[in-house]
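Shown next, in structure tokens, is the structure this report addresses.
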Amino acid sequence: MGGNLVLQREQAGFTLVELMVAMVIGSVIILGAGQLLLTTFTTFERVDALSRQQEALIFAAQTLTRDIRRGQGHLYEINDSLVDDATCALRRDSQPLIEGLYKGGNECSSITLFDNDTQGIAGLHRVTLTFAGDSQRSFSWRVMQRDQIANHALSGDGL
């Protein structure tokens, strides 16, 4: 048994290189999951904001259309928003109806909501709402007062 004895040790555990590779792979996976979470959260916020705008538009369109068709004399006005200085609010009889209308570089009082007597037809109104946000798209629709429809039908003018 002399001096040529070489002790053989069995490897127990991982080498430093294996640990470093595992840490890099784990870091890449965690960064990817974090990016996915951040993207999902951002998308959720955008969808939520869009759905709020759609809800507000539907509510305003239904309310304005109903009032115009009935010929009800509500006082509509557009004033500065109480929520955000960069937007305007639509009020009916001094009560807030909808917030978040696009202001741009104008004063809220210069925004026109109704275009009366469109196409030379009495009682036909064109309503336009523009919301603040990324696209500032305008939503327009035409509404006819019911009593004016009867007048047109009886006079034979047609629509």
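Following the working numbering from start to finish, the sequence shown increments by one per residue and tops out at 358.
Idealized CB from N, CA, C, for every residue including glycine.
Per DSSP, what are the beta-bridge partners of residue i in this structure?
i, result
"Met219", "Looking at the DSSP assignment, Met219 forms no beta bridge with any residue, so it has no partner."
"Cys287", "Asp279, Leu300"
"Gln294", "Arg291"
"Thr238", "In the DSSP output, where bridge partners are listed per residue, Thr238 has none listed."
"Phe330", "Leu300"
"Ser226", "DSSP lists no partner for Ser226."
"Ser337", "Thr329"
Find the nearest neighbour of residue i within the set the options, judged by alpha-carbon distance.
i, options, result
"Ala259", "Gln347, Phe338, Leu230, Ile224", "Phe338"
"Phe313", "Leu328, Cys307, Ile257", "Leu328"
"Asp284", "Gln271, Pro295, Cys307, Glu209", "Cys307"
"Asp346", "Gln271, Ala221, Arg336", "Gln271"
Taking residue i and residue j to be in contact with their CB atoms under 8 Å, please state how far apart those CB atoms are, rounded to whole angstroms.
i, j, result
"Tyr275", "Arg265", "No, Tyr275 and Arg265 are not in contact; Cβ-Cβ is about 13 Å, not under 8 Å."
"Ser293", "Cys287", "About 15 Å; that fails the 8 Å criterion."
Determine the contact status of residue i and residue j, defining contact as a CB-CB distance below 8 Å.
i, j, result
"Leu342", "Arg268", "Correcting the residue type first, residue 342 is Val in the shown sequence and not Leu. Yes."
"Ile320", "Leu300", "no"
"Arg297", "Ala248", "A small correction: the amino acid at residue 297 is Ile; Arg does not occupy that position in the sequence shown. No. Outside cutoff."
"Leu235", "Val326", "no"
"Phe330", "Gln261", "no"
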